[in-house]
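There are 2 protein chains.
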Amino acid sequence: MSEQLRTDRADRRPTRQRTAIAEALSGTAEFRSAQEIHAALARRDERVGLATVYRNLQAMAGDGEVDVIRTADGEAVYRSCATDDHHHHVVCRSCGLAVEVTGDAVERWAEAVAAEHGFTEIRHTVEIDGLCAACAAARTR
Amino acid sequence: MSEQLRTDRADRRPTRQRTAIAEALSGTAEFRSAQEIHAALARRDERVGLATVYRNLQAMAGDGEVDVIRTADGEAVYRSCATDDHHHHVVCRSCGLAVEVTGDAVERWAEAVAAEHGFTEIRHTVEIDGLCAACAAARTR
DNA sequence: ACGCAGTTTGACAACGGTTCTCATCTAGGA
DNA sequence: TCCTAGATGAGAACCGTTGTCAAACTGCGT
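These protein sequences, in sequence, are chains A and B.
Using the working numbering, the letters of the first sequence correspond one by one to residues -1 to 139.
Using the working numbering, the letters of the second sequence correspond one by one to residues -1 to 139.
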């Protein structure tokens, strides 16, 4: 009846395509869009259908293997997240420079504030953007 | 956040459409998509083109009159933000229930962590989602 | 009030990312 | 090896958003 949110992947086969996608992601610590991954695989002669890339990325996201965030223009970008600790980014609105930051404080706050309202299975998205020092300087008039 | 908040935009004309859009937004404290606003206006016999809704929403967002966030499926949603204090939402993944929460702690953390890396003109987006008590209960059986 | 010039609007086409369809293929157990 | 449920791929469909451009409108000077 309720088969939502399964954490096991017993029902997912290790196919060539799936492996290629997982590797493409684990190869970098940056966020990459489905289209970028598809292009990267093609460049590497790994012929994988675009739909397959989307499907697997979504499946992996559902299983918590990868993080997903949305860029400012609505494109979904994925990043392998099993490797390192949970962290966030501070992104420069002007040049795109991204700095990783950890935030135990936020994690705890999110948990606390959600629990306070009876919510469970909390997840959160924290995006910080601003102007990096260089861009701010270039912009001064 | 030391940005001059102009109430008048010298370079933007107050048209019937623009006013209608602004009112549609200020009428609620919730986030609404461009399409929803367009539909709401139509229902109210305010004939405004969809493209116009998008254009104005973007212009208002650019001027800092409204906040924009992306829903999980990539749709842009807008909320009037001049009226009340800055706050965030805890949303139920299952039923969509949204609870408003304030978070001075996060605001300060965002400022601090960003400044630490030389960033200025900080903005942040914090989205928390989970399962509300009701949905969690419904799911356990 | 009138006319002009620059904005803004609206209907619709175009676009781009994502999802769906379905015939075909494949992994893995019998 | 054979079978079968799950996986794939090519392309169409989908849908939110953006671009196009002639027509309508606004602010401003006259």
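A virtual CB, placed ideally from N, CA and C, is assigned to each residue, including glycine.
Task: Minimum Cβ-Cβ distance from R16 (chain A) to chain B less than 9 Å - done: The count along the first sequence starts at 1 and reaches residue 16 (chain A) at position 18. Any Cβ of chain B closer than 9 Å to the Cβ of R16 (chain A) would place that residue at the interface, and such an atom is absent.
Open item on the list: Counting only beta-carbon separations shorter than 9 Å, does R139 (chain A) have a partner in chain B?
Closed with: Mapped onto the first sequence, residue 139 (chain A) falls at position 141. Confidence in R139 (chain A) is poor, its pLDDT being 49 and thus under 50, which makes the residue's placement too unreliable to answer from.
TODO: Quick one: using the 10 Å Cβ neighbour count with 16 as the cut-off for buried, is G25 (chain B) buried or exposed?
DONE: Counting from 1 along the second sequence, the entry for residue 25 (chain B) is found at position 27. Exposed, by the Cβ-count rule.
Task: Cβ-based contacts, 7 Å cut-off: residues of the region 112 to 134 of chain A near chain B - done: So the list reads A112, H115, G116, F117, T118, E119, I120, R121, H122, T123, V124, E125, I126, D127, G128, L129, C130, A131 and A134, given in the order they occur along the chain.
Task: Given 8 Å, three or more beta-carbon pairs between the region 29 to 36 of chain A and the region 40 to 60 of chain B - done: At 8 Å Cβ cutoff, the stretches do not touch.
Task: Within chain B, partners of A108 (chain A) - CB distance below 7 Å - done: Position 110 of the first sequence, counted from the start, is the residue given in the question as residue 108 (chain A). Neighbourhood of A108 (chain A) in chain B, by CB distance below 7 Å: I126, in chain order.
Open item on the list: Can you give me the C-alpha to C-alpha distance between V104 (chain B) and P12 (chain A), rounded to a whole angstrom?
Closed with: One-based indexing of the second sequence puts residue 104 (chain B) at position 106. One-based indexing of the first sequence puts residue 12 (chain A) at position 14. Spanning the two alpha carbons is a distance of roughly 40 Å.
- [ ] Using a Cβ cut-off of 9 Å (strictly closer), state whether E34 (chain A) contacts chain B.
- [x] Here residue 34 (chain A) refers to the residue found at position 36 of the first sequence. Answer no: the Cβ-Cβ gap between E34 (chain A) and chain B never drops below 9 Å.
Open item on the list: Using beta carbons (cut-off 9 Å, strictly below), is G60 (chain A) in contact with chain B?
Closed with: Sequence index remark: in the first sequence, residue 60 (chain A) carries index 62 (1-based). No, because no Cβ of chain B sits closer than 9 Å to the Cβ of G60 (chain A).
Task: Check whether A108 (chain B) and I67 (chain A) have beta carbons under 9 Å apart - done: As a working mapping, residue 108 (chain B) is identified with position 110 in the second sequence. As a working mapping, residue 67 (chain A) is identified with position 69 in the first sequence. No, Cβ-Cβ distance for A108 (chain B) and I67 (chain A) is not below 9 Å.
- [ ] In the DSSP assignment, find the alpha helix (DSSP H) that holds T17 (chain A) and state where it starts and stops.
- [x] Position 19 of the first sequence, counted from the start, is the residue given in the question as residue 17 (chain A). T17 (chain A): member of the alpha helix (DSSP H) spanning R14 to S24, first to last residue.
TODO: Enumerate in chain order the residues of its own chain whose CB-to-CB distance from T69 (chain A) is below 7 Å, with the five nearest sequence positions on each side excluded.
DONE: In the first sequence, the residue the question calls residue 69 (chain A) occupies position 71. Cβ contact annotation for T69 (chain A) (same chain, cutoff 7 Å, sequence separation greater than five): V75, in chain order.
TODO: State the beta-bridge partners of H36 (chain B) as determined by DSSP.
DONE: On the second sequence, residue 36 (chain B) is found 38 positions in, with the first residue counted as 1. Bridge partners of H36 (chain B): none, in fact.
Task: Cut-off 8 Å between Cβ atoms - residues of its own chain near A144 (chain A), not counting five sequence neighbours on either side - done: Since the displayed chain A opens at -1 and closes at 139, residue 144 (chain A) lies outside it and no answer follows.
Open item on the list: For a quick check, are the C-beta atoms of T118 (chain A) and G128 (chain B) less than 9 Å apart?
Closed with: Here residue 118 (chain A) refers to the residue found at position 120 of the first sequence. Here residue 128 (chain B) refers to the residue found at position 130 of the second sequence. In this structure, G128 (chain B) lies closer than 9 Å to T118 (chain A) by Cβ.
TODO: Please work out which residues of its chain come closer than 7 Å, Cβ to Cβ, to A22 (chain B), disregarding the five sequence neighbours upstream and downstream, and give them in chain order.
DONE: Locating residue 22 (chain B) in the second sequence gives position 24, where the first residue counts as 1. Cβ within range, chain order: I35, A38 and L39.
Task: Residues that V97 (chain A) contacts on chain B, provided the C-beta gap is smaller than 7 Å - done: In the first sequence, the residue the question calls residue 97 (chain A) occupies position 99. By Cβ distance, chain B contributes H115.
- [ ] Compare the C-beta of R68 (chain A) against all C-beta atoms of chain B and say whether one is closer than 9 Å.
- [x] In the first sequence, the residue the question calls residue 68 (chain A) occupies position 70. So, interface residue.
TODO: Have a look at the DSSP bridge pairing and note the partners of C130 (chain A).
DONE: Locating residue 130 (chain A) in the first sequence gives position 132, where the first residue counts as 1. Looking at the DSSP output, C130 (chain A) shares a beta bridge with no other residue.
Open item on the list: Within 10 Å of its beta-carbon, does R16 (chain B) have 16 or more other beta-carbons around it, so buried, or fewer, so exposed?
Closed with: Against the second sequence, residue 16 (chain B) aligns to sequence position 18. Flag for R16 (chain B) reads buried.
Open item on the list: Once the 5 residues before and after R10 (chain B) are set aside, which same chain residues still bring their CB inside 7 Å of it?
Closed with: To locate residue 10 (chain B), count along the second sequence from 1; it is residue 12. The residues are A57.
- [ ] Please determine, among B:S78, B:A18 and B:H87, the residue with the shortest C-alpha to C-alpha distance to T50 (chain B).
- [x] For the purposes of this step, residue 50 (chain B) is taken as the residue at position 52 of the second sequence. For T50 (chain B), the closest C-alpha among the options B:S78, B:A18 and B:H87 is that of B:A18.
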